[in-house]
Amino acid sequence: MKRFLALSLLCGLSVGPSFAQPATTGPMPVPPTDFATDARRSAYLARANEVLQWYVDSVKPDNPATFQSAQIAAKLARREDAAAVSARIVELMSVPQSQDMFWMFPWTAVSYLGRDQLTPAAKAAIRGQWKTYFPMRGDTENHWAMYYASLYLMSELYPDDPADSWFNGKSSAENRAEAKAYLVHWMDLATTIGQGEFNPTHYIGEYAIPMLYLATWAKDPEMKIRGHMKLDWLLADLAENTLNGVLRGPNARTDDTSVLQRWLALSSYFSWQCFGNTPPPASYGGFGVWFAVAAANYEVPEVIFRLANDRSEDFLQRDLKRSRRKWRYSDELMTPVYKTNYMRRDYAVGSYQGGMTDPIQAHVWDVTWAVPDPRGVHNTMFSVHPYASAQAMQMYFTELPDHMLALLSSQGKPSYDVPDKILGCSPYERVFQDLDTVIALYDIPADDRYPRVNGFFSKDLTDVTPDASGWIFARGGNTYLAYRPLAPYHWEHLLGYKQLPSKVGYKWERIDRGEKGDKLLVSPHGKNGTIVQAASVGEFKDFAAFQAAIRALPLEFKLAPVPTVKMRTLRGKEIAFTYGQAPKVDGKKIDYAKWQLFEGPHLNAAKGSRKLTITQGRLERVLDFNTLTITDRVTP
Amino acid sequence: MRPPRILPLLRVGALAGLLGLLTAATAATHDLYLCAAFNNGSRVMGSNDGSSNGLFKRTADGFRHVGINYPLAISATFDPRDAKVIYVACLSGVLRTLDGGTTWRLVTGWDETEPKSIAVDSQAPDHVFTGLPDGIVVSRDRGQSWQRRERGLPERGKYTQVVRADRARGGRVLIGCESGIYLTENGADSWRRVLATKETVNDIQQSPHDPRRWIAVTQSAGALESRDGGATWKIIPGLPADKALYNVAFDARDPQRLALASWSHGLLVSEDGGATWTARNAGLPGEGIPRAWRTAIDPDNGEIYAAIFGQGLYTSGDAGRTWRAVPAMEGASVQTFTFVPSSQP
Amino acid sequence: MKRLMLPHLALLTAACAVAQPSVEAPPPSRAPVPDAALRREAYHRRVDEVLHWRASGAGRPDPATMDMAAIAIKLTLREDLDLCSARVIEMMKDPGTGPFWMFPTVCVAYVGRDLLTPGARAAIRNAWRTTRQLRGDTENHWAMYYTSLYLMAELYPNEPAETWYSGKSSEENLAEARDYLVHWIDLTTSRGQGEYNPTHYIGEYAIPMLFLATWAKDPTMKQRGHMMLDWLFAELAANTLDGVLRGPASRTDEGSVIERWNSLASYFSWLLFGNTPPIGGYGGWGLYFAPLAKNYELPEVIYRIATDRGGDFVQRDRARTRRFWRYSDELSPAVYKTNYLRRDYAVGSTQGIMNDAIQGHAWDVTWAEADPRGKHATMFSLHPMSSERAMQSQFVTYPEPMIKGVTFEGKPSYDSPDKVVGVSYYERVFQDLDTVIALYDLAPGVRFPHINGFFSKDLVNVTEDKSGWIFARGGNAYLAYRPLAPYHWMKYLHRNGGWAKAAEDLGGRLLVSPHLKNGTIVQAASVGEFKDFAAFQAAIRALPLEFKLEPVPIVKMRTLRGKEIAFTYGQAPKVDGKTIDYAKWKLFEGPYLNAEVGGHKLTITHGRLERTLDFNTLTITDRVRAN
Amino acid sequence: MRLRSLSLGLLAGAVSLAAAPAPDFIIIANINRNYVIGSKIVTLNGLYQRDAAGAWRHFGSNDTSLSAVAFDPRDHNVIYTAALNGLWRSLDGGQSWRMCNDWSLTEARDVAVDPNAPDTVYLAVTDGVAVSTDRAQTLVRRENGLPGRGKYTQAIEIDRTRAGRVLAGCETGIYLTEDAAQHWRRVFAATDTVNDLQQSPHDPRVWLAATQSAGALISRDGGVTWAAFPGVPAEHALYNITFDPANPQRLAIGSWAHGVLTSEDSGATWVARNAGLPGAHRVWRVGADAAGRLYASVFGETLYVSDDFGRTWQPDALAGSLVNQFLLLPKAAN
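If you read the protein sequences in the order shown, they are chains A, B, C and D.
With numbering that gives the first Met the number 0 applied, the first sequence closes on residue 635, and no number is skipped along the way.
With numbering that gives the first Met the number 0 applied, the second sequence closes on residue 344, and no number is skipped along the way.
With numbering that gives the first Met the number 0 applied, the third sequence closes on residue 626, and no number is skipped along the way.
With numbering that gives the first Met the number 0 applied, the fourth sequence closes on residue 333, and no number is skipped along the way.
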């Protein structure tokens, strides 16, 4: 067992400098108003340089541990201290390497950044490790993106080396061909039936960085433009799914922290770096430096920049994504994910249809609200079925059934097999969202490990008001929220996790923050459901008026034989939704088969098309992988 | 305790009981290879615990690491003509050495991943069969190139955990899949299902005494036996079917002795050819039932090996009645045992 | 009268303290840098060289050394911000007029929009109220004028008419400027550049276009600026050899005609392609490109065209003459331009047309030099026309004062019999690959009834052969020059830029052929194509050649490349019996640049890279052809 | 030089200037001899008015490119100037200006206001004629009857006796409209440019023209038919022609090649009057003030004045100036 990425691994390399990160701890960045090329460009470069500066400053002369690959890359990117850098590389390369693709891409970056700066000895030292150290390819799409992009670039940097000079016994040409074939295949998948690790809170770095490297360094113009296009694609997806720079909506893979504090994700580094509209997480997310070292070679297309920053109009975006590969116990290798995001100035509502996408780390739906400063704020509301299952694990992992649950906690996932968990998807959940109404229905077998539903109530909600009507009203930021559990419930404190020092694997302690912490609405009933509706504070005279409006809405539901809800939403839509059946809106069935790869005011792509059209105002950018064409158009 | 960092040769402890083992090992006619990792089972991609992992070969001084330090090596197979030709199924694909482990090549490409098991057709040793999470690839040039050969396998349900070639008849291979056992008799040109299961078939073994006799263990269908070369199967009654069985081992010296590993039941031994089975867990580590991951029986001396998940390797000279820890294997996770006749060049 | 030349700003900024490394260093490597990141870094280093050169010492101790370029650069570098503001206020007390004042001011206004003090910004803004701006009369003037007006109107939107010198509101100014720029782009992308193949004026287009691409708020104008900038640089790339601009030029000057490297175009080649040294002071105008240069990325396909030539190529383009206000049946007749570029030399020409009254350059053969600085690597002939009527046709002037005025305004060479710049009514040119035939039929009574052929000081082995050919070698090119009428030699005296008061002897000769009916044939070949010089000469001599000069000059010949050419003054030339039909010429046609007349769409190609600039849909498309 | 919209009764006979309000004497002068587009203007250029003391007072915008000026007869605060940029208009006596044209009109050569329809303004440009009927707020081309090519228009002059009757001096001759430029017809064919057109202040039917290669012309039928002055040479360009407002017999021509040519017998005979002017002639414009004093602007030199109709010349102020127009402007009602 393996492969649950803990990002802290790489952060750990930068031995915690004691000085401040200006953007992380400083005031909220002012959303850009000057979209001129020079203003955007200089601010973007300044942000990248802040990262580099921070790393350069973190080197302590008397402590070699503070001088690692990230510091090396930062110095090379700034063309500083090439001699010292070379010497340090020789030193670092003199011992066996580890970390697999997380080793590969940094050292690929160092090799390229240093190709005209490093001593021959330093270059040879790195190159030598590509023979002696055998990095694993991993088992996720992000692993492979890093692995193959790195292998591709290194085999281009050393284009004619024989098979016995590479760890895997393949020649440069063989490695290059294999890497290219996979990357093309992956891009093909992602641009026809959707991104696998969609809406990534963290993994965006593991795609964006390799793609930036391809765009920057690939010699083959095809791979160069592919990298460029895919990077645009990823950032367009990010831009469209962020509100004030904070990623919203469902995620293929995330973690407990990012689910509660949406801002605290690597994606916030990318919003900061590329869009300038939210602070970066500490240490620039750990991975940030690897983007920053090559950031100058990329320009965020203006249409994407504007897309990230303009929330003057509400919009609804529907995307098609993919589940992780289901090796077994599924009729389909990759099941389609129908993702919805409804974005308003004050809040965002996002979901997919429920069911299994990733065995451990998925997040299915939520309502998140805008806050002036997102740091430390748990600005979200959602419910989950706390599902834990060996068979679900086996679906995705090529493992025997018994040991995985037992090991998760030592692999950094202590919350997987606990009844009060708030992360993960379930085969027993069905979700339907129409604008800012979400209905989640549950039909959990009685013999399930945890036959209950956990609803998350943030510490940052105000005026939480259980109403006689059955609705629970609350306010988050400038958003009124109404939460309707469909079965009896009780409240618990949501316990937090504290990581304990450990030499082997991870150890955790659970913490109760008491009344000051988050609360869990626990509804211990297998047949169950949650309805959430949201509205802007500005839409109602006062809280009471919102409550009255919610109460006035017709709502019928029953839970047996399967949960079913009929209701009118705050937006006047008549919804009929039965567990296991296609939802109906105003009498019309939702036909997921008709969903496009992207559909909305800003991103559009037909299923299977390999072609994304990004639109914002009069700007349009088309990324066409069929013809390897980037088209920038301005509508007159 | 953790193994020393960066140590390809595992040091041998001074346990008296060990000497017998080593004596046996040095006198053995088989070499034993293990696929093992020393990461306490908690391998996180990208982590660094400094351990040496992958393929190990038993030597007089203990288990010596061979070749690449690869934490997720699953199984090793060798060319019956030339034991220097070794195939290792690992997370990245199939690793092959032609020189006994000095140099290696990852012979598969991007579209083969996470193989679990490899079989070489002893009648046509250039033919290599690899089981993947999504089916079967076959090489007819000692692993240099690979083709999918899945005619007769279902579109879904061909997750393949184990691949075994019939040593008696060329082109005859059995595979244990998610949806049962499939058989080819023409070198994988076509397959047919010979046993249907709902969950994965975890291991298949051919009897060293009677090539028509096969035993399979499964995740939820218990253990099964075939007496007709794998064409038909029947449940072995004495074994539980409620929990997954991981693997099974014949004793090449004694047709009555069998061993079976299971996470939930521990180490099960039969001394009557499989008619009855007894748990032999005393002395194995763990609270309650030991997490028996793999078992094997040394063809040279009948020692039973038990790999306990994350807790090392144990051996028993008395059919599991008592167990000894194998020194310097503490914390190891042993994935497979491969006995290679040492008479091979 | 007015409006001929750009002031030589390079002189104004010559007083900077630091060295200009690239100006003084050995010529840069011409090898292409395939690595995009290294290429970008090298580009940025060149930009920084310009910025630091101009910033260094400017303003301290003498504030008067801070001109607008220095202010823009210091603002870009975030240096001496207080001084910048003070100096802006000072300079705005006495604003200039016209596009050459406007665009530097706009540059400072934008670069300083967040850095100048409110007082400094107000001073700039106020100058745009108080001081009338002349629009000028050339396309480059208007490009600068309207771009500047456009950007100021966007920077200060919604302001009333009385706050602008034009008496028009921000919106009116914006609309007018936009309309003109769109019109100009429309004209250029459908019928060709007016001031084509510009040795100097490229700056006066490229800088405004970069301003638009960087600062225009209206995305359509931003996109147009970006696309035109690409268009200009694609043209530059395709017409340079080793970074030096080649071929005919709509408007140029003596310095650039005989020393082709010595032009602002070389600054752009240096900055963008890195393959030739920049001219001194970075061409003066280069200082206004540099502050923004890092906001532009030269498309790789253009870089490749400039630096990575697969082989010899012919590029045929269409362009336009300057507007003929009178004395012409057409306002702006078509120019048919040919450029043949090889590794060792380039041959370029128009069909022989009065494209500009003063500054045209119709054809030449230029060769490559390891270091182009100071080299007169060119051979051509011309009729030294000086004509009041020609002046009147393009200027709103009376006949007499114009010629005086031209000299008065800084072009004493215009009315000189031994001049080497200018086009003539009486010249017709045809080029096939590396053969040029120029025929002359001068009207009796023309002011200077002779032909001047330019023979560079850098030619070697100039050999007057009894066959009538004059053989010579320049660099790795063999040259054969055939005057069709008797001639004599005279010393070439150089008036630098045409404006220098003194005529200097830099070396070189003029072949002067004082006959109205006349002609010149030039053929070129690479040294590597022949065993030795004698073999080249023998090959030329062996070519069938017939010509007569009466009643009009006519030449029938076989070229070194085996083509049978028949060319009669005033008639369409024939190649291998086939008449050249200029009506079929595309806007661009060649291996790298292709565009249809009226198409508004340029396709730029190199290897697997393609970039399309489509003004119909305001679309930039980058494509990579898969392997 | 043009005399426009004048209430000529006031001027006839050179009456005492003290008796009636003297007309304003206005010129367009450029004093920046080294100006090239882009260089700094260090002197005042454009409109000058002579004050009572005889000094030249600059007003309006400093513009080196003005070629002509016209005033609204109803209100002299409304000023139109033809300029490099096109047409500039002031509504406040020159304090503020509006560039009335857009990019499609440029290098205006002449401007005229119809005294009988004073909202109507005619603009001569390098490629034709534009007309405004709203005091130059909007300008439209009106070229029906002008040729496709050959309509370079140097001079535009309005018949003060009839609204909408206008003559245009073009590359290809003189064109007449009688319907406010709805239609034009050619009344005189030239091969080069017609440089100047003037209507007599004494007899509105009498018109003069100066041309580049057809000599000087006179029409006695309101510009419908034209005849060359036999005594005026035609081989060189004539730049402008003027009446003497004080004396109907007196005419003067300015010319680069010939200098000042004068006639004191209504054009029957002509003599060169260059004594006292710099040697190489290069006369750019001639003009006459209300008192009959003759002025000559000499290219590259300065403004000269003669009190004896050209027999002797003295330098005036404005050294280094080049005058593009002399204008006598009667005092307006306001």
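Here a beta-carbon is modelled for each residue, glycine too, at the ideal position from N, C-alpha and C.
On a predicted model such as this, the values are computed, not experimentally measured, just so you know.
- Taking the C-beta atoms as reference points, V366 of chain A is found no nearer than 8 Å to Y351 of chain A.
- Taking the Cα of G475 of chain A as reference, the smallest distance to any Cα among A:A534, A:K518 and A:E301 is reached at A:A534.
- N340 of chain A sits in a strand when the DSSP states are folded into three classes.
- The beta carbon of S296 of chain D does not come within 8 Å of any beta carbon belonging to chain C, so the residue lies off that interface.
- Between G359 of chain C and S249 of chain C, the CB-CB gap stays under 8 Å.
- By alpha-carbon distance to N141 of chain A, the top candidate from A:A124, A:H201 and A:F166 is A:H201.
- Note that the C-beta distance between A318 of chain B and V268 of chain B is below 8 Å.
- With fewer than 16 other Cβ atoms from the protein chains shown falling within 10 Å of its own Cβ, L499 of chain A counts as exposed.
- Identification of chain D residues near H182 of chain C by a Cβ-Cβ cut-off of 9 Å yields W102 and S103, ordered along the chain.
- Buried is the label assigned to R632 of chain A, since at least 16 other Cβ atoms lie within 10 Å of its Cβ.
- Taken atom to atom, the span from the alpha-carbon of E329 of chain C to that of N196 of chain C is near 21 Å.
- It is roughly 12 Å from the alpha-carbon of Y42 of chain C to the alpha-carbon of P298 of chain C.
- In this structure the segment 169-181 of chain D does not touch the segment 369-377 of chain C; the number of beta carbon pairs closer than 8 Å is below three.
- For the C-beta of T125 of chain D, the chain C residues within less than 7 Å are, from N- to C-terminus, W324 and V395.
- A residue is called buried when at least 16 other Cβ atoms come within 10 angstroms of its Cβ; P400 of chain C meets this threshold and is buried.
- When 8 Å is used as the limit between beta carbons, D47 of chain C is near no residue of chain A, the shortest such separation being about 12 Å.
- Counting only Cβ-Cβ distances below 7 Å, E177 of chain A has contacts in chain B at G108 and W109, in chain order.
- DSSP places V17 of chain C in the coil class of the three-state scheme, outside both helix and strand.
- L154 of chain C: member of the alpha helix (DSSP H) spanning E138 to L154, first to last residue.
- For V84 of chain A, the CB contacts under 8 Å within the same chain, skipping 5 residues up- and downstream, are I71, K74, L75, G113, Q116, L117 and A121 in chain order.
- The alpha-carbon separation between D62 of chain D and Y266 of chain C amounts to approximately 34 Å.
- For Y413 of chain C, the closest of C:P383, C:A437, C:Y424 and C:Y397 by C-alpha to C-alpha distance is C:P383.
- Rounded to the nearest angstrom, the Cβ distance from V428 of chain C to W362 of chain C is 5 Å, consistent with a contact under 8 Å.
- For the options C:D343, C:M378, C:M390 and C:E368, the alpha carbon positioned closest to that of N354 of chain C is the one of C:M390.
- Taking the Cα positions, S270 of chain A is about 7 Å away from V245 of chain A.
- In this structure, the CA atom of G258 of chain D is about 5 Å from the CA atom of H280 of chain D.
- Check the Cα spacing between T96 of chain B and each of B:D202, B:E184 and B:I67: the tightest is with B:I67.
- For Q197 of chain D, no chain C residue has a C-beta closer than 8 Å to its own C-beta; the minimum C-beta separation is roughly 17 Å.
- Each residue's CA atom was taken as its position, placing V623 of chain C and E221 of chain A some 6 Å apart.
- For W232 of chain A, no chain B residue has a Cβ inside 8 Å of its Cβ, as the nearest lies near 21 Å away.
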